[in-house]
Amino acid sequence: MPTINRKYLVFLGLGIIIVAGTLAWLAYRQHQEDKEELLIETRAIKTRDGWGYQIDVGGKSFIRQEYIPAITGRYSFRTKDDALKVGRHVIAKMSGRSLPTVSVDELRALGVLPDSLLH
């Protein structure tokens, strides 16, 4: 009789491990899906000297950029459209799993650098 009890306990233990593992896996998958479904949006923000942008992820501020990135000095975007253009570009990079950085070349390609800053 003791061998039957041991087998029973082994199968019961394996069953508990399988159920716990399955539940953990399902919770992990749900967490991954929740992360992928976060809403990412940009909005223009008025600054003292012009415009900037803010990127919100899941309704929370993630990036607040009051000045044109990648250039020396503190220069605001000239227009609301310029700020939003760069904000949307950063979101596209984030969606492609790239770092949310912007280079001077990217700013030139987007046409958002003031003439006085073009070298």
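Each residue of the sequence shown is one higher than the last, beginning at 29 in the numbering used here. A virtual CB, placed ideally from N, CA and C, is assigned to each residue, including glycine.
Best match in the options for proximity to residue i [C-alpha to C-alpha]
i, options, result
"A137", "K113, E94, D84, E65", "K113"
"W79", "T129, V140, N33, F105", "F105"
"D84", "I96, I99, L66", "L66"
Distance, residue j Cα to residue i Cα
i, j, result
"D77", "Y103", "8 Å"
"K121", "L127", "7 Å"
"S144", "D110", "16 Å"
"F90", "I44", "41 Å"
"I68", "Q93", "15 Å"
"I46", "Y36", "15 Å"
"Q58", "G101", "44 Å"
"I99", "D133", "11 Å"
"I73", "K108", "8 Å"
"H117", "L135", "10 Å"
"A10", "R34", "Residue numbering for the chain in the displayed model covers 29 to 147; residue 10 lies beyond these limits and cannot be assessed."
Start and end residues, beta strand (DSSP E) containing residue i
i, result
"E134", "Here E134 belongs to no beta strand (DSSP E); instead the alpha helix (DSSP H) covers 132-138."
"I99", "Here I99 belongs to no beta strand (DSSP E), and DSSP marks it neither H nor E."
"E69", "68-74"
"S89", "88-93"
"D84", "79-85"
Bounding residues of the alpha helix (DSSP H) (the contiguous stretch that carries residue i)
i, result
"G115", "108-123"
Beta-carbon separation (whole angstroms), residue i vs residue j, contact threshold 8 Å
i, j, result
"T235", "I119", "As shown, the chain starts at 29 and ends at 147. That puts residue 235 outside it, with no answer to give."
"G124", "Y81", "Not a contact, Cβ separation roughly 18 Å."
"P97", "V140", "In fact, because the Cβ distance is near 10 Å, the residues do not count as touching under 8 Å."
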